[in-house]
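Quick note: to get the working numbering, add 1 to the position in the sequence shown (first position is 1).
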Amino acid sequence: SMDLGSVKHAGLAYIPLDMNGKFALNPPLLKGEDKSDWGFNHPQITQLLCPRKKLYFTMTALQTGDIPVMTWNWLMFFYEEGVYNPQNRLEGLFRGHIAWQFYVHLFIGLSAAVKGVVTSNASKKAKNHAWDLFEVTPYIIAYVHIIAYFTLTTEQKWTTTTGNIDLAEMAWLIIDMFKDRDEWTHETLQWWN
């Protein structure tokens, strides 16, 4: 799809350690069709894709497949600053800067994402305006998390599963998290909007 093509390489720029972009991938990833050095084959991307409950296991076990990554284990990059709090498992969930940057790129525009702003000067109308989107919904949150996840993996072309992760199931699990109109849901949607 056009969305995947537009973020395949630009999306890597959204992986800094913090919202201020103070981090670069090391080793760097080369542009091109081959993504074999991405996903669990890259030390920093492995850390971002690490399921929250598996955080303290070794990256080698993830890279070799000894530790399975399952759809229902939220990934570290889903959390604000990549931090999971076992005492409050919802703290920071779906507030990670990578997903936010993907949202800005996909719905506002590349120039806005690069400049770190939420308005675009591009001649092409941003999707949020073209589609009359006035707020970020759980569906959009799920969409940008799925696109970000797929971009970080080694998959060369779109697929509905990558390893043990069923992307449709993951999207629905994210959407289901917002069904209860509780304080966390309200605060998380407010953060996105």
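For each residue, glycine too, the CB sits at the ideal point set by N, CA and C.
Exercise for the section: Quick one: using the 10 Å Cβ neighbour count with 16 as the cut-off for buried, is HIS187 buried or exposed? Expected result: exposed
Problem - CB contact flag (GLY6, THR152, <8 Å) - result: no
Exercise for the section: Out of GLY33, THR65, VAL70, THR162, state which residue places its alpha-carbon closest to the alpha-carbon of LEU49. Expected result: VAL70
Problem - Continuous alpha helix (DSSP H) assignments of at least 4 residues falling wholly in the segment 73 to 118 - result: 98 to 104, 111 to 116
Handout entry: Opposing strand residues paired with PRO52 [DSSP bridges]
Key = LEU76
Handout entry: Bridge partner(s) assigned by DSSP for ASP167
Key = THR162
Practice task
Compare the Cα-Cα distances from GLU136 to each of THR162, THR161, TRP39, VAL105 and report the closest residue.
Solution key: VAL105
Practice task
Tell me whether GLN157 sits in a helix, a strand or coil according to DSSP, three-state version.
Solution key: coil
Exercise for the section: Determine the direct distance from the alpha carbon of ARG182 to that of THR154, and round the result to whole angstroms. Expected result: 32 Å
Practice task
Would you kindly work out how many angstroms separate the C-alpha atoms of ASP167 and LEU30, rounded to a whole number?
Solution key: 25 Å
Problem - Helix, strand or coil at SER37 according to DSSP, with G and I counted as helix - result: coil
Problem - Other residues of its chain near ILE147: CB distance less than 7 Å, five sequence neighbours each side excluded - result: LEU168, MET171, ALA172
Exercise for the section: Leaving out five residues on either side along the sequence, give the residues of the same chain with a beta carbon under 6 Å from the beta carbon of ALA149. Expected result: ILE99, ALA100, PHE103
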